[in-house]
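What follows is one structure encoded as structure tokens, with my remarks underneath.
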Amino acid sequence: MKYCTKTKYLKKLFITFEGIDRSGKSTQAQKLYKYLKRRKEKVILVREPGGTIISEKIRDILLDKTNKKMFSLTEFLLFSASRHQLTEEIIKPKLKAGYYVICDRYYDSSTAYQGYGGKINTKIIETINKIATTNLKPDISFLIDIDVKERQRRLILSGRGKDRMEAKDISYHKKVISGFRKIARANKKRFRIIDGAKDKEVIHEEIKKTIKI
Ligand code: TYD
29 MKYCTKTKYL KKLFITFEGI DRSGKSTQAQ KLYKYLKRRK EKVILVREPG
79 GTIISEKIRD ILLDKTNKKM FSLTEFLLFS ASRHQLTEEI IKPKLKAGYY
129 VICDRYYDSS TAYQGYGGKI NTKIIETINK IATTNLKPDI SFLIDIDVKE
179 RQRRLILSGR GKDRMEAKDI SYHKKVISGF RKIARANKKR FRIIDGAKDK
229 EVIHEEIKKT IKI
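Take the sequence shown: its letters are residues 29 to 241, numbered as in our numbering.
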């Protein structure tokens, strides 16, 4: 737990999970949430895009497969709008109230998907990420890392239909995966890269050790 002198409140941890779809990051976010709950900690788990009524509506637009005409910048601004609402409505108030906040994806997903995948200029991504989050940064971010082959294997295994983002082609997802790796390497203090091919219980133990709760 950290004491935030600027804002004069006891700040617990803001923890984010990042990675390509099917990496298992949502499973890990839930496992950590349940673990902290069992320990009677104040904790919430939210997801992006979504997490508030307004953000969930934006999510529906973003993931709707029939929205074929969406421009990259429209997509990025919608993710950012959803993020801003979630940040102001839920994340910041909960951190102020001393909660652990676990977020399944945050602005690093925009850098990886819309930046590295969608080719939106890095400077634009950085600037709007800062605006959308009002400069809030996670304390710890876990990158659950799998390669594109493993993603394809898991996609076929699950047999589930694809949403608008998942339906983008393999070369897009390759860029997103390598983008995530670059982001994690460039932010070594905040990021922990975890091999997503490992057993989920082993990964959970690694995460608990890192959090040290
Ligand atoms: P979701 O069903 O939550 O999938 P996942 O389990 O992979 O998180 O869908 C979210 C999709 O939106 C996912 O394909 C990643 C994408 N995304 C972006 O492209 N940019 C972003 O900033 C965020 C938060 C998500």
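C-beta: ideal position from N, C-alpha, C; glycine also.
Asked, Found
"Contiguous beta strand (DSSP E) assignments of at least 3 residues, all confined to the segment 151–218", "168–173"
"Test item: CB-CB of I152 and Q180 under 9 Å", "no"
"Contacting residues, own chain, Cβ-Cβ under 7 Å from G143 (five flanking each side not counted)", "T150, I153 and G207"
"Cα-Cα separation, A212 to L171", "7 Å"
"Cα-Cα separation, I221 to S54", "15 Å"
"M98 beta carbon near the ligand GTP (any heavy atom closer than 8 Å)", "Inclusion of the ligand GTP in the displayed structure is not the case, the ligand content consisting of the ligand TYD alone."
"Segment contact, 8 Å Cβ cut-off, at least three pairs: the segment 66–79 with the segment 129–139", "yes"
"Cα-Cα separation between R66 and E233, rounded to whole angstroms", "15 Å"
"Separation of G126 from K40, as counted between CA atoms", "6 Å"
"Which residues DSSP lists as bridging E46, in chain order", "L171"
"Cα-Cα separation, F42 to L60", "12 Å"
"Contact test: Y134 Cβ vs the ligand TYD heavy atom, cutoff 8 Å", "yes"
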